Structure formats: C-alpha cells, structure tokens
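Chains as they are written, first to last, in the numbering used here: chain A, 1 to 423; chain B, 1001 to 1423.
Protein chains: 2
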Amino acid sequence: MINVGIIGVGTVGSSVANILKENRELITARAGKEIRVTKGVVSSLNKKRDVDIPLSTNPDDVVNDPNIDIVVELMGGVEKPYEIVTKALKNGKAVVTANKALLAYHRYDLQQIAGDLPIGYEASVAGGIPIINALKVGLSANQITQIKGIMNGTCNYMLTKMSDEGVAYEAILKEAQELGYAEADPTFDVGGYDAAHKLLILASIAYGIDAKPEDILIEGIEKITQEDILFAKEFGYVIKLLAITKKIGSDISLRVHPALVKKSQMIAKVDGVMNGISVVGDRVGETLYYGPGAGGDATASAVISDIIEIVRVGKSSPMLGFKKPFNSENLRLAPKDSIESEYYLRMQVLDKPGVLAKIATILGENAISIDIFLQRPTNDKEVATLLCSTHKSQERDIKKAIGEIEKLEVVRDSVVMVRIEES
Amino acid sequence: MINVGIIGVGTVGSSVANILKENRELITARAGKEIRVTKGVVSSLNKKRDVDIPLSTNPDDVVNDPNIDIVVELMGGVEKPYEIVTKALKNGKAVVTANKALLAYHRYDLQQIAGDLPIGYEASVAGGIPIINALKVGLSANQITQIKGIMNGTCNYMLTKMSDEGVAYEAILKEAQELGYAEADPTFDVGGYDAAHKLLILASIAYGIDAKPEDILIEGIEKITQEDILFAKEFGYVIKLLAITKKIGSDISLRVHPALVKKSQMIAKVDGVMNGISVVGDRVGETLYYGPGAGGDATASAVISDIIEIVRVGKSSPMLGFKKPFNSENLRLAPKDSIESEYYLRMQVLDKPGVLAKIATILGENAISIDIFLQRPTNDKEVATLLCSTHKSQERDIKKAIGEIEKLEVVRDSVVMVRIEES
C-alpha cells in the first residue's frame, strides 16, 4: 500500500484523487501496489469539493505524516511550494509536482535537496502529453538539436480563432476569459511567461542548461492583429506562439514568441486549446507529441503516471533531469540578440511620396533584404499599412533597423515584428 | 561497463553500434555507465559492413558469452530469433529487440521465459517514435479506449503520393520499390501484415489481449485506385492504412485496413513515410505521436533508449507488457464481423435502366442507408462506376449486401469496400 498526500486539492488535485479511486484496479495492477490518497491540504475547508479524502489546511499534516510516501504538490506559486516541497524531501518523501513556475525557478535547487529521491514533473509541461518521459527516456540516445512547442493552450485557442473566424484579438480574449481558458489577468498566458516556464524545464532535460525566465527572450501575442494573420495566410503561413530551444554549436538559444510557421509543417496543424511539441534529435530526426495541455483529468493523468512510475521503479532518473551532469561541451545560453531568422514587419506610415524609399534604404543599410512587400490602404486616407517579410537576418540588425524606422516622422506608432520559423 | 552483443548487423545494427560510439559521452552520462558493443553476429563475413566491432557468424558467440549483459536481436524472422532470444534469456541476459514479427507470435511466451529479466521492444513499433514508452508509462493512469495508427511508412508513402500527384497504384509501387521503401515482394507491407504485427504489440500493452495475426481482420491497400482517392478528396477525406484497436465494453476489436479519414483529424495530416499514432485514454483524451517509423538511425534511437533504460533502471515493466495480469473485465477479442462503421463502396455496373434500383434495393433490404451516391461514366460506354458511402452499418450486413450485389449480372468484377473512420 502506497499513501499519497495532495497539497492543493483544486481541479487537478480532485481529478488525481478521483482517478486513483475510479481506476483503482487497473492502476494497482500496473503499479504492483495499491495507491491511495490519505490526505489533502486546501486553503479553506469551507469550499465544497468533489473529493472523498480527509482535508486539512496545514501542509505539515502531509509533509510530516510518517505514513505518507509520496507528496503531490499542486498548489501553484513559487516560494511557498518551494518551502513545502523542500520539507517533504527532507522528510524522505518522493515528490510529484505539476508546478512549472516552481521548477522554472528552483529545479536545480530541488534536485540537489532531493538527492536520490524521485521528483516527478510530467504534468508540469503540456498537461497530459508525456513529453518529459519522451525526452528523458524515449530519445535518450540523441543529442537534442531543437525543441519547438505550442505549450500554451490559451494562446493557441486565441490565435486559431483569430485565424478561423477573423475575430479581433480583444474580442477573442474576452471570449477565452468567459470560457475559463484565460484568467482575468491574462498576462501570464498571452505574455508568453507560462510557455517560457515550460520551455526552461524541457531545455534542462535536453541540455542541462540552468536559466531563469528573466534570462530568456519572451514575447507575447498581444500585438498580433488580423492584418498579420491575413498576411500569413496569403503566403502559406499560420501564426503560433512557439517556445523554442535550439543548439547551435555550444550555444543554446531559448525563446518564446509568436512566429509565422509554414502551413505544411506538422506543428502548424496543432489547433485550438491543444498543445504540440516537435523535438529534433541528431539521430531520430523529428518526432512530435500532441494532446491536451491542460484540464483536470488530462493533467491528473500525467501526475498519476509519475506516481505509478515511482511506485514501480522506486527511483528517479536525475541524470537526464536537473543535475546537469552532461555538459562536456560547455554549453552556454546564447545572447538574446544572436538569433538569426527571417522576419515579418508591419508598420503604419503616412501615404506620401518617398516614404517607401526611406524605409527600404534603412533596411538595406542594415543588410536586411526584403522577400515579400505589400502596401495596403487603411481607413484613414492619409495612412497606409506596410507589410513585409525579410530574408534571413541577424536579430541585432533587424532591431537596429526597426529603431531607425520608428524614428522616421512618417512612421506612426511602433513597428510590429514577428519572426518566421522556416523549419 | 555494460557489454552489448548485436545479432543481425544490418542497417539498424550498424546504426546501433555507431551511435553508441559517436554519442558515447552523452549516453554514458545518461545511462550512468559506459555501454559498448563487444560482438556482432552476421550471416556472412564476406559482406563489407560499416562498423567497427568484432563479427562472428554464430549467435552462440553472443548468447553464451558470459561477458555480454544485453543481447540486441535485429535479425528478423520468427522461429530462429525466438530460439536465440530464448537462449539469451535462459543465460540471464537482458534482451532488446526490434522484431515485430517475433513479438506478434511469441510475446507472451518470451515474457514467461524472461521472468524478471527486461525485454525492451521500443523499436518494434513505429521506429523512432517512443510509443511503447508512452503507453507503458506516460498513459498508465488511463484505461485505453482506442489506438489508431499509421504504422507502415511504405503504405503511407504510396497513399500520400497517389493523393498528391494522382499517380496510379502500380506506378507508385514501382517507385517505392526503386527508392527502397518497398520490398521486391511488397505483400508484407501493402497487405497490412506489418501494421498488424505492430498493432498486436500495442494492444497487448493496452489490454493484455493475446491474439495472433491470423486472428484479426487484415486488409491491404492493393485495391485502392485514383477513383477512391478522388471520391475521398471531394468529400473532405483522405485514405490511410490504419491499424485500429478499440475497447467497447469487454470487446476488444483489432483490425488493419485502409480507411477514409476526415481531413481535419490530426492523423490525416501524417503524410509520406512518416508514422503517427493516436491514442485515446479514458482520462487524458486523445494524444498523438508522430515521427519516422523506419530507417537505421531512427530505429537505432529506439533500440538504444531501451538499452539505456535497462542500464539505468535494471528491470522491465512487465505489468504493462505481455504478462496480461490485468484482465479483470474478462476482455475478449471481438468477432471480425462485429465492427460497426460507415462504408464507402465502389462498383462497375452495366449502364442500363434499373441497375441502380436493384443495387439500392439490396442495400435497403440489408438495413444499409446511403449517405452519398455518385455515378460516373467510364471509358467503356456500356459501363458506369458507382461510388457511394453509407451511414453507420454492421459489418455483417454490408458484407451480405456486397455478396448479393456481386451476384447481379449487371455488376462487373468485385465490389471494393473501404471503411470510413469518423473519429
């Protein structure tokens, strides 16, 4: 008999308790032992919860309970769960967490505290998709050269709707909030931070690279308009919020931003609230993992797979986790400006002679060559929209050029830049 | 130091040896121990091979070598490898195999012989895609309700080409043979047998169901023509060779056949030689796994992931494998005729008054209701092609109706039937 305590019995926590109960026979057969939830910790006992386990408001009731073998942390936040998980590990308990923010900041500390105790975190990235397991085990023969993922269902839902139904960003954000896909303050999702947390976890498994969210390039989808979506469509692209890590030599780039992706790519076909992660290994080539990135039962499925694996195998696989033992190539975090990419630009300009020449000159002087160029009228007769895409350029060049363009008197507002991910 | 012997040093075997050498540092870090190939067994020493390991022609040199810890079986066939793997297990060696035919026939016997010794078989299904691991570990909280896979790259390449380029079956088969995607005798691939072997392996993990290829419905793609492809396109479908297992109550259906699949489904987007497998769990919903299903390095990636896992964890996970301990629901193999599906039919008829009425009457009498109906002229003025799709019907009804239609004097040749997989 294995006893589990759950800290944070919300949607996911309730699902964990209920699935362990409802699929008990099957899970017992697979784990080799019966697993039961003996205690749950909640912030308030007044709220009605759809679970059948003893509840407490004190995390110590779980982490200090000598009968509990595995502590499942589902409370969210960073410093408070760090404290609780630390205490659980020090008490010799295995830990399973779905908390990406906790791991984005404290994964290496926690691994050090854990030593040989297992920490499961399958649920922290892409909900029900077993991507952690694929990276740790399935692809372990490979040097990972690239991971490119749609890891935020809220953004993907919004971008898909904007593309399919021609809805404006603000309208679809409101709808997503009403449906419960987006929070009242949506910044964490639409700003790219949620995806960045997940990316850091995957990059740690692939490269043992230690970085915090503050260290990497993060851009959200807030500036994407129907004009951008239509430009993308016209030239065979879709716009997706991608979390990307690439290994080029000993440089590891880490970035989250919207990107134009060729329609024919498999990842371009990941629509709605679904998640999809493409992983390229030096030997296997590209594999892709698709499924629900959120939801109580889907996330609980991942949490329970960790619990079963801990019961079955009894140890973690830290060598592919956060201990970064393999770094013989002295991998380093690539500077944010070192990205080389194709770019899409959108700007509002006064519809006057010579404007185009000025902009084209600035691009040329910065060694940026234009691929596609469109000028469109706007509702304001005096203002035109310029849309263009470039051939491959350096991030620092495009940023310099944008700075110079924005200084032109004929250019209204700021220039919107979206990267193009060709492969 | 872990010593590996490889039986069968062809394309995959050479890749295993070379990757273990070229990615040695990374693999050692991940496995915790150095892994080296100390011996290879080949059928002939005269052939030049691109590997740097001592070769022998006698499998006993590997299976009886007390220094070898893990035997990798890559020789193909059924009875000969069964004998060799049995000997290796009896000598206390862990086994890794990519041999789907061996497992299609002997997986339960081998598990019994192995006892607690690990048998790794990630490479036996869908090459480089870690689908075995996903089913065994990642989805272990779920009752699997459906697996639907494109698991034969040859067929998928041919069907994709037929659809994209309007090429006839025979022409594309010839091209696939020239490219090395199809064998001189292509029956094993195009007849659906290869996919059936893989399906049986996946169904064993999901359901513990013991069946042989002879027990299940297997149809190939040999009868698919451009007419079928065009009908599918016109109504928003693509044709794919699918390997399907579904759990309905305590009935497990197992079948391989071409199917019309809605274009909007993720699996419909798996094109060319790639493989894709959709798995539905009762809790997680649908997840999908995509990647290269064949090729030396991709398959070797899976073989080595098993080796690393055996070195790391030191035991197998038989409870999700072939021991079928979980069968409390008394699952049984559903009769082949119990399928309920929508159907697509193609037939050549004499272009005479009353023909359509006769066929429609037979369908109606067998409780089959028509969804779409098309009649098209052929090059032969006296003959027309009838294409139709039906609403949901019973397999036994549609087969009875087809039998009756084929007996009509006005019907030429046999009726071609393809199932429609709606979800």
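C-beta: ideal position from N, C-alpha, C; glycine also.
The structure displayed is predicted, hence computed values, not measured ones.
Using the beta-carbon count (16 or more within 10 Å), is I1372(B) buried or exposed?
Answer is exposed; the Cβ neighbour count stays below 16.
My output table needs one value for F1373(B): the three-state DSSP class, helix, strand or coil.
Correct three-state label for F1373(B): strand.
Between P1325(B) and N91(A), what straight-line distance do the alpha-carbon atoms span, to the nearest angstrom?
Low confidence applies here, because P1325(B) scores a pLDDT of 45, under 50, leaving its location unreliable and the question unanswered by this model.
What separation, rounded to the nearest whole angstrom, lies between the Cα atoms of A1168(B) and K1161(B)?
Cα-Cα distance, rounded: 9 Å.
Quick check: E382(A) and D413(A), are their CB atoms within less than 8 Å of each other?
It is not a contact, given that the beta carbons lie outside the stated cut-off.
Please name the residue, chosen from G1076(B), S1253(B), I1398(B) and V1137(B), that lies closest to I307(A) on a Cα-to-Cα basis.
Of the listed residues, the one whose Cα sits closest to I307(A) is V1137(B).
Just how far apart, CA to CA, sit L89(A) and L1020(B)?
Roughly 35 Å between the two C-alpha positions.
Pick from S140(A), G115(A) and H391(A): whose alpha carbon is nearest that of E1122(B)?
Of the listed residues, the one whose Cα sits closest to E1122(B) is S140(A).
Measuring straight from C-alpha to C-alpha, what distance separates I1224(B) and V313(A)?
Approximately 47 Å, taken between the alpha carbons.
Counting C-beta neighbours from all protein chains within 10 Å, is the total for D1052(B) 16 or more, i.e. buried, or is it exposed?
Exposed is the call here.
Taking beta-carbon pairs under 7 Å, can you tell me which members of the region 1269-1281 of chain B lie near chain A?
So the list reads K1269 and G1281, given in the order they occur along the chain.
What is the residue span of the alpha helix (DSSP H) that A302(A) lies within?
Residues G296 to V313.
Confirm, please, whether the CB-CB distance from N3(A) to N67(A) is below 8 Å.
Yes, these two residues count as a Cβ contact at 8 Å.
I want to see whether chain A comes within less than 8 Å of G1364(B), judged by CB atoms only; does it?
Not an interface residue.
Express the C-alpha separation of I1244(B) and V1256(B) in angstroms, rounding to a whole number.
The straight-line gap from Cα to Cα measures roughly 6 Å.
Is S414(A) helix, strand or coil when you go by DSSP?
In this structure, S414(A) counts as strand in the three-state DSSP scheme.
To the nearest angstrom, report how far apart N133(A) and V1016(B) are at their CA atoms.
So the alpha carbons of these two residues sit roughly 21 Å apart.
When you compare the CB positions of V1238(B) and I1150(B), do they come within less than 8 Å of one another, or not?
Their beta carbons are not under 8 Å apart, which means V1238(B) does not touch I1150(B) by this criterion.
If you compare alpha carbons, which of A104(A), G5(A), R332(A) and T378(A) is closest to F209(A)?
The question names Phe, but residue 209(A) is Ile in the sequence shown. Of A104(A), G5(A), R332(A) and T378(A), the residue nearest in Cα terms is R332(A).
Return no unless some Cβ of chain A is closer than 8 Å to the Cβ of Q1146(B).
No, because no Cβ of chain A sits closer than 8 Å to the Cβ of Q1146(B).
Taking Cβ to Cβ, would you say Y290(A) is nearer than 8 Å to M1266(B)?
The answer is yes: Cβ separation under 8 Å.
With 16 other CB atoms within 10 Å as the buried threshold, where does I248(A) fall?
Burial call: exposed.
For chain A, find out if any of its Cβ atoms is closer than 8 Å to the Cβ of Q1112(B); answer yes or no.
It does not: the Cβ of Q1112(B) has no partner Cβ on chain A nearer than 8 Å.
Within the same chain, show all residues whose beta-carbon is closer than 8 Å to that of T1028(B), passing over the 5 residues directly before and after it, in chain order.
The answer, listed in chain order, is E1034 and I1035.
Could you tell me which chain B residues have their CB closer than 8 Å to the CB of S301(A), listed as they occur along the chain?
The contacting residues are L1139, A1141, N1142, G1281, R1283 and V1284.
Report the three-state DSSP secondary structure of E1395(B) (helix, strand or coil).
Residue state, collapsed to three classes: helix.
Run through the DSSP bridge pairs and tell me what V72(A) is partnered with.
Answer is I6(A) and V96(A), bridged to V72(A).
Would the beta-carbon of E1227(B) fall within 8 Å of that of R1419(B)?
No, these two residues do not count as a Cβ contact at 8 Å.
Which of helix, strand or coil does DSSP assign to G1208(B)?
Three-state DSSP puts G1208(B) in coil, outside helix and strand.
Using beta carbons (cut-off 8 Å, strictly below), is S1250(B) in contact with chain D?
The chain labelled as chain D is not found among the protein chains of the depicted structure, namely A and B.
Let's test the definition: count the other Cβ atoms within 10 Å of the Cβ of Q143(A) and tell me whether it reaches 16, buried, or not, exposed.
Under this definition Q143(A) is a buried residue.
Beta carbon of L103(A), beta carbon of V279(A): below 8 Å?
No, the pair does not count as a contact, with Cβ atoms beyond the cut-off.
Which same chain residues end up closer than 6 Å to Q1375(B) when comparing Cβ atoms and leaving out the 5 residues on each side of it in sequence?
Within the same chain, Q1375(B) has close Cβ partners A1384 and L1386.
Can you tell me whether Q1112(B) is buried or exposed, with buried defined as 16 or more other CB within 10 angstroms of its CB?
Exposed, since its Cβ has fewer than 16 Cβ neighbours within 10 Å.
8 Å is my cut-off, CB to CB: does S1305(B) come that close to chain A?
So yes, S1305(B) belongs to the interface.
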